[in-house]
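In what follows, a structure is listed as structure tokens, so that the remarks can point back to it.
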Amino acid sequence: FSAEMRDLAGRSVAVPVTAPSDGRYTAEIVPDRLGRHSLSLFLGTSDDDREAATPLLGALVVIVSCPAWLVADPVTRTCTCDVGYEPVPPATHGQLVERCAQCKRGLFKGQMGSSPCTRCAA
3 FSAEMRDLAG RSVAVPVTAP SDGRYTAEIV PDRLGRHSLS LFLGTSDDDR EAATPLLGAL
63 VVIVSCPAWL VADPVTRTCT CDVGYEPVPP ATHGQLVERC AQCKRGLFKG QMGSSPCTRC
123 AA
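Every number in our numbering is 2 more than the matching position in the sequence shown, counting from 1.
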């Protein structure tokens, strides 16, 4: 059993597959970008021999969106903090934002993104 996921640009996204002892397979879908993706499942193959695979169903459409407390960045196609909010805990380069908090009194952030709030000009 194997799985393959692609975004609309045709870029492949890794889909790890596990097979516990009860005979059920699990595919963990963790796309790194928002938007529409196609998910294909294959029986009787490994990732290295997909030509010999039997596709299961047709490609499934997976739509990835942000949770209500985050906003979609149209440039990076990731979820991030809105204007006036900063990541909690602070994000490092390349780290996904999970939660945001409003800038504290005396601080501001004028654009969406994972950058922290900064001091207001006096």
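Heads up, the beta-carbon is just placed ideally off N, CA and C, and yes, glycines get one too.
At which residues does the beta strand (DSSP E) containing residue i begin and terminate?
| i | result |
| --- | --- |
| Ala103 | 102-104 |
| Arg38 | 37-45 |
| Cys68 | Run containing Cys68: none; DSSP gives neither H nor E here. |
| Cys81 | 80-82 |
| Ala5 | 4-9 |
| Glu30 | That residue, Glu30, is in no beta strand (DSSP E); it is neither H nor E in DSSP. |
| Pro89 | 87-89 |
How would you label residue i, buried or exposed, when you count the other beta carbons within 10 angstroms and need 16 or more for buried?
| i | result |
| --- | --- |
| Cys81 | buried |
| Ala21 | exposed |
| Lys106 | exposed |
| Gly115 | buried |
| Leu45 | exposed |
I'd like the list of long-range same chain contacts for residue i, defined as Cβ closer than 6 Å, with 5 residues on each side in sequence excluded.
| i | result |
| --- | --- |
| Arg101 | Val90 |
| Ala125 | The first residue shown for the chain is 3 and the last is 124, placing residue 125 beyond what the model contains. |
| Pro69 | none |
Do residue i and residue j have their CB atoms nearer than 8 Å?
| i | j | result |
| --- | --- | --- |
| Leu36 | Ser67 | yes |
Excluding the 5 residues preceding and the 5 following residue i in the sequence, name in chain order all residues of the same chain whose CB lies nearer than 7 Å to its CB.
| i | result |
| --- | --- |
| Arg79 | Arg35, Leu36, Gly37 |
| Val63 | Arg38, Ser40 |
| Ile31 | Met7, Val17, Leu41, Val64 |
| Arg121 | Gly108, Leu109 |
| Gln104 | Gly86, Tyr87 |
For residue i, I'd like the list of residues in its chain whose CB is within less than 8 Å of its CB, leaving aside the five on either flank, ordered along the chain.
| i | result |
| --- | --- |
| Leu98 | Thr80, Cys81 |
| Pro33 | Met7, Asp9, Val15, His39, Val64, Val66 |
| Leu59 | Leu43 |
| Lys111 | Cys83, Val85, Gly86, Tyr87, Glu88, Cys105, Ser117, Pro118, Cys119, Thr120 |
| Val73 | Cys81, Thr82, Cys83, Asp84, Met114 |
| Trp71 | Arg101, Cys102 |
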